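Chains as they are written, first to last, in the numbering used here: chain A, 1 to 167; chain Y, 1 to 407. All residues carry an ideal CB built from backbone N, CA and C; glycine is no exception. Computed from a predicted structure; not experimentally measured. Read through the structure below, which is laid out as structure tokens, and then see the notes.
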């Protein structure tokens, strides 16, 4: 669904520096990390993007095209009234990637952010319960990063072996 | 009398008391149906708190998606929501075709509508059937599962596999649909409403079932939207969103059907919405089967995206060249350096794939938006203040598939 032209005009007025692009009918904007919390609040409260479809991340470590930074967070938003969609991108650097959480805005972000933390190691500040969700808690790696191999010796050999006698 | 839930505030007040005891529900429990674990904190029989613990079936499907090509990965999507694999196949290739910009043939779009709706019926049959099973209605489950077997028979006649179908391909399908399959679908559409009536007669006014489900696990419309809920669970709470109507993909614009909604948002409403959706799916199936357009299933061979038919590969030079151009490991489909999110309405909710292409034969990132993952996050909110026996009823109504939950 293409985004409403009125929303795009409002976006350009509000964030004149945000890079905007379009691909196959989807509008995407790139927002700087500093202005992300205010932008999210503005999008939810004033532009009525009330449904958070997904939060995910892409690791552009060896990507063929130049990207602003290593990690690209993706927020997929939708409006349940007029079915608008919008993709918001925030790029984070390699060293200590952290960003304010959006759980205060959308309760549904809780597990999405936990999964992104689990798989990419991005810290969401102010998240109520930022723990690993799919990987075991003892795990130390972030498996969906591009420098993590598909096959090979994993972390499993580091885990203690629990026998019936010890349990 | 329906159970009157304790208020959530009362449950919160009791949370710190030392007379509470902890119950470990799962990972192996008959009512979870799959491998998931919930740590329940109980005050007598009341659930004060529930902490879900997931990841037992995590197998790195998204990492595998970065190493398999666009046709190979469809076998992995079968194993995500394995109670409606056809719908997952359609969702995956819908996203891939959006990334590549492929326009499918009319015949292919109709067949994909048919398999999506059959998958929706088989998914709803299992989720309502298992919910009946958990609340004590065993016969209902048997009725539902017998009809599911008939859906499997149709899938088998289409692609040779009953369970893990892998029926779709980039730009087309594995095989064209045959008159045998069409006749089977016609027979199913003719005979299934009778069973559906019987199933509704078994449970809709059944005292035990209604008492155990009505007013249990209420989700308001505001909470449903705020917690990213989609699909039948959101529609049972009064959210009218249905991608088949709101963003008509494939050929859904051609069909006459309704979006089924309820306002009460409880477990019983979720059951009723699923039952009503099966009737709407039957309406779509009837229209689709009788109006399948003639013509090719796969897109043209010169677009160099869909695998050519085997007869073309063996008998024509264009077919052989195209086959090798697509299959060889240093060749493949031409993919732009772009990103796209394609979403479909599956039985469980919005199933989407966020794809990043990088000019190679495999995706740079293949993110799946799994509806079960989002719906299971709801569970502690829904169960707080209810009794232990309601855990299975609410869990059944959410239709959590652990393979999709953990991927």
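- For residue 92 of chain Y, DSSP records no beta bridge to any residue.
- When only Cα atoms are considered, residue 164 of chain Y and residue 80 of chain Y end up about 10 Å apart.
- Within the same chain, and ignoring the five residues on either side of residue 74 of chain A in sequence, the residues whose Cβ sits closer than 8 Å to its Cβ are 54, 55, 56, 57, 58, 87, 88, 89.
- Residue 142 of chain Y: member of the alpha helix (DSSP H) spanning 138-159, first to last residue.
- Relative to residue 280 of chain Y, the option among Y/313, Y/336, Y/189 whose CA is nearest is Y/189.
- In terms of Cβ geometry, residue 373 of chain Y and residue 405 of chain Y form a close pair [threshold 8 Å].
- Within the DSSP bridge table, the entry for residue 29 of chain A names A/20, A/88 as partners.
- Listed along chain Y, no residue sits closer than 7 Å to residue 84 of chain A by beta-carbon distance, the nearest being about 10 Å off.
- The Cβ atoms of residue 50 of chain A and residue 102 of chain Y lie no closer than 8 Å to each other.
- Taking 8 Å as the cut-off, the beta carbon of residue 170 of chain Y is found no closer than this to the beta carbon of residue 384 of chain Y.
- Excluding the 5 residues flanking it on each side, residue 112 of chain Y has same chain C-beta neighbours closer than 6 Å at 90, 250, in chain order.
- Contact annotation: in the region 193-226 of chain Y, residues whose CB is within less than 8 Å of a CB in chain A are 223, 225, 226.
- Residue nearest to residue 61 of chain A within the set A/24, A/102, A/91, A/137 is A/91 (criterion: CA-CA distance).
- Secondary structure of residue 59 of chain A (DSSP, three-state): strand.
- Chain-ordered, the chain A residues with CB closer than 7 Å to the CB of residue 239 of chain Y read 80.
- With the criterion set as a beta carbon lying under 7 Å from some beta carbon of chain Y, the members of the region 34-64 of chain A are 50, 51, 52, 53, 54, 56, 58, 63, 64, in sequence order.
- Between residue 296 of chain Y and residue 105 of chain Y, the C-beta gap is smaller than 8 Å, which places the two residues in contact.
- Each of A/80, A/27, A/7, A/103 was checked against the Cα of residue 128 of chain A, and the nearest Cα belongs to A/103.
- In the three-state reduction of the DSSP assignment, residue 342 of chain Y falls in the strand class, which pools E and B.
- Between the region 174-190 of chain Y and the region 146-166 of chain Y there are three or more C-beta pairs closer than 8 Å, enough to call the two in contact.
- The beta carbon of residue 213 of chain Y sits closer than 6 Å to the beta carbons of 267, 268, 393 from its chain, once the five residues preceding and following it are set aside; these are given in chain order.
- In this structure, the straight-line span from the alpha carbon of residue 197 of chain Y to that of residue 132 of chain Y is close to 15 Å.
- Scanning the region 340-403 of chain Y from its first residue to its last, the whole alpha helix (DSSP H) runs of 4-plus residues come out as 371-383, 388-398.
- As computed with DSSP, residue 25 of chain Y is found in a beta bridge with Y/38.
- Any Cβ of chain A closer than 8 Å to the Cβ of residue 60 of chain Y would place that residue at the interface, and such an atom is present.
- Contact of residue 23 of chain A with chain Y by beta-carbon distance below 8 Å involves 338, 339, 340.
- As far as DSSP is concerned, residue 36 of chain A takes part in no beta bridge.
- With a 10 Å radius around the Cβ and a threshold of 16 neighbouring Cβ atoms, residue 107 of chain Y comes out buried.
- Among the residues facing chain A, residue 228 of chain Y is included, as its CB has a counterpart in that chain under 8 Å away.
- The beta carbons of residue 61 of chain Y and residue 368 of chain Y sit about 7 Å from each other, so the pair counts as a contact at 8 Å.
- If you check the CB distance, residue 53 of chain Y and residue 39 of chain Y come in under 8 Å.
- Per DSSP, the unbroken alpha helix (DSSP H) holding residue 5 of chain A starts and ends at 5-14.
- For residue 197 of chain Y, the uninterrupted alpha helix (DSSP H) run begins and ends at 179-203, by DSSP.
- Note on residue 205 of chain Y: under 16 other CB atoms within 10 angstroms of its CB, so exposed under the neighbour-count rule.
- Taking a cut-off of 8 Å on C-beta distances, the region 231-238 of chain Y does not touch the region 326-343 of chain Y, as fewer than three cross pairs fall below it.
- Using beta-carbon distances, residue 110 of chain A counts as an interface residue toward chain Y, with a partner under 8 Å.
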